[in-house]
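Asks: After the structure tokens below, expect a handful of questions from me.
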Amino acid sequence: MEIKPIRKAVFPVAGLGTRFLPATKAIPKEMLPIVDRPLIQYAVDEAREAGIEQMIFVTGRGKSAIEDHFDIAYELEKTMSERGKDLSVLEPTRLGPGNCAYVRQQEPLGLGHAIWCARDIVGDEPFAIFLPDEFMHGSPGCMKQMVEEYRTIGGNMISVLEIPHDKVSSYGVIRPGQSEGAVTEVLGLVEKPKVEDAPSNLIISGRYILQPEVMRVLEGQGKGAGGEIQLTDAMAQMIGKQAFHAVTFDGNRYDCGSKVGYIEANLAVALERPDMADEVRAIAINLLK
Ligand code: UTP
1 MEIKPIRKAV FPVAGLGTRF LPATKAIPKE MLPIVDRPLI QYAVDEAREA
51 GIEQMIFVTG RGKSAIEDHF DIAYELEKTM SERGKDLSVL EPTRLGPGNC
101 AYVRQQEPLG LGHAIWCARD IVGDEPFAIF LPDEFMHGSP GCMKQMVEEY
151 RTIGGNMISV LEIPHDKVSS YGVIRPGQSE GAVTEVLGLV EKPKVEDAPS
201 NLIISGRYIL QPEVMRVLEG QGKGAGGEIQ LTDAMAQMIG KQAFHAVTFD
251 GNRYDCGSKV GYIEANLAVA LERPDMADEV RAIAINLLK
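Under this note's numbering, the first residue of the sequence shown is numbered 1, with each subsequent residue one higher.
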């Protein structure tokens, strides 16, 4: 079967972000910065690095800051140029009309439903999904690592990582088959299992490459765990019909949907930045005394 390249990425950003209230009452969770770049910017940069050309954002009410972020800020740029300031810092925020699209998820019915809302723009080709609050930090980026494997094996792919077994109940978990290098065959998937029912401690971690047939599966799918339409349930139905693999990410993942994960990500990035690492290290050591 022909392996079609991944040209499109879907960014579901219509969630309510209740774990970060009140910060996320008027600002989307995806606009929270890691040092000085919003989470959504890191995800878009990771997509570009993987060769993806079109970014599709599934938004909801109160998410217009994301559209503004990727638009041209005319007044800001004019004033900055008049004052002789460097505009290159804004370069990654520019997504031209051919490179982005926005669709609306009118009710937060779950991640699976959010993806389904993008079906017309995705069309009949494989596509990537990024959950921007899962901050995947590494070089090459997580999606680039996945795309490199995808080029030879095709099919459906998810990124996974290993966590302590007693923590699996908050995540989608895979039933692993044979492994070769970073790639593991996926034999089954279960969303938020009880610890005793979990088939492994390998969890799905926010990056996916899926074949367009998943949209048809989502179409007819009812609610799953938490009363939401779950992407994991739709993917589980595709196993056995199409190739399905997991790629273990060589890098660090920070769960920025949680407060502690978010603080950890900020610290980790700040400690790597040449413009601030020494100062931040000194502050951290001082605070820990
Ligand atoms: P989360 O489970 O993190 O939910 O969604 P949330 O609503 O964003 O945050 P909390 O739990 O209330 O704090 C995982 C991803 O799926 C998107 C979210 O935006 C996030 O990227 N999502 C979730 C939607 O786009 N729509 C939904 O209906 C649910």
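For glycine and all other residues, C-beta sits at the position ideal for the given N, C-alpha and C.
May I have a chain-ordered list of the alpha helix (DSSP H) segments no shorter than 4 residues that lie completely inside the region 23-66?
Replies: 39-49
Asks: According to DSSP, Asn266 sits in a beta bridge with which residue or residues?
Replies: Along the sequence shown, read from residue 1 onward, the residue named residue 266 stands at position 266. Bridge partners of Asn266: none, in fact.
Asks: I'd like the list of long-range same chain contacts for Ala236, defined as Cβ closer than 6 Å, with 5 residues on each side in sequence excluded.
Replies: Within the sequence shown, numbered from 1, the residue matching residue 236 stands at position 236. Exclusion of the five residues before and after Ala236 leaves Leu189 as the residues of its chain whose Cβ lies within less than 6 Å of its Cβ.
Asks: Answer yes if the region 130-146 comes into contact with the region 257-270, meaning at least three C-beta pairs across the two stretches below 8 Å, and no otherwise.
Replies: yes
Asks: Write down the C-beta distance between Pro28 and Gly51 rounded to the nearest angstrom, noting that I regard them as a contact closer than 8 Å.
Replies: Here residue 28 is taken as the residue at index 28 of the sequence shown, counted from 1. Here residue 51 is taken as the residue at index 51 of the sequence shown, counted from 1. About 26 Å separates the two Cβ atoms, so there is no contact after all.
Asks: Determine the direct distance from the alpha carbon of Arg7 to that of Pro274, and round the result to whole angstroms.
Replies: The sequence position of residue 274 within the sequence shown is 274, counting from 1. The sequence position of residue 7 within the sequence shown is 7, counting from 1. For Pro274 and Arg7, the distance between alpha carbons rounds to 33 Å.
Asks: Spatial neighbours of Ala118 within its chain, please: C-beta separation below 6 Å, excluding the five flanking residues on both sides.
Replies: In the sequence shown, the residue the question calls residue 118 occupies position 118. Same-chain partners within the cutoff: Val10, Ile56, Val58, Val103.
Asks: Which residue or residues does DSSP assign as beta-bridge partners of Ser81?
Replies: In the sequence shown, counting from the first residue as 1, residue 81 sits at position 81. Its beta-bridge partners do not exist; DSSP assigns none.
Asks: Suppose you measure from the CA of Tyr42 to the CA of Asp68; what does that come to, to the nearest Å?
Replies: Position 42 of the sequence shown, counted from the start, is the residue given in the question as residue 42. Position 68 of the sequence shown, counted from the start, is the residue given in the question as residue 68. C-alpha separation (whole angstroms): 16 Å.
Asks: Tell me which same chain residues have a C-beta within less than 8 Å of the C-beta of Arg94, skipping the five on either side of it?
Replies: On the sequence shown, residue 94 is found 94 positions in, with the first residue counted as 1. So the qualifying residues of the chain are Phe70, Ile72.
Asks: Closer than 7 Å to a non-hydrogen atom of ligand 1 - does that hold for the CB of Thr18?
Replies: Position 18 of the sequence shown holds residue 18. Result yes, Cβ under 7 Å from ligand 1.
Asks: Kindly examine ligand 1 and report whether one of its heavy atoms sits closer than 7 Å to the Cβ of Pro108.
Replies: Against the sequence shown, residue 108 aligns to sequence position 108. Flag set: Cβ of Pro108 near ligand 1.
Asks: Rank Glu279, Pro126, Val269, Asp278 by C-alpha distance to the C-alpha of Asp36 and give the top, closest one.
Replies: Stepping through the sequence shown from its first residue, residue 36 is reached at position 36. The option with the nearest alpha carbon to Asp36 is Val269.
Asks: Expressed to the nearest angstrom, what Euclidean distance is found between the alpha-carbon atoms of Leu210 and Ala265?
Replies: Numbered from its first residue, the sequence shown carries residue 210 at position 210. Numbered from its first residue, the sequence shown carries residue 265 at position 265. Roughly 27 Å between the two C-alpha positions.
Asks: Within 10 angstroms of its Cβ, does His303 collect 16 or more other Cβ (buried), or is it exposed?
Replies: Outside the shown range of the chain (1 to 289) lies residue 303, about which nothing can therefore be said.
Asks: Hey, is Pro12 close to ligand 1, as in C-beta under 7 Å from one of its heavy atoms?
Replies: The count along the sequence shown starts at 1 and reaches residue 12 at position 12. Yes - ligand 1 has a heavy atom lying nearer than 7 Å to the Cβ of Pro12.
Asks: Are the region 154-161 and the region 243-253 touching, with three or more C-beta to C-beta distances below 8 Å?
Replies: yes
Asks: Relative to the C-alpha of Lys167, which candidate in Ala182, Ile203, Gly181, Gly154 has its C-alpha closest?
Replies: Taking the sequence shown and counting its residues from 1, the one referred to as residue 167 is at position 167. For the residues Ala182, Ile203, Gly181, Gly154, the minimum Cα distance to Lys167 belongs to Ile203.
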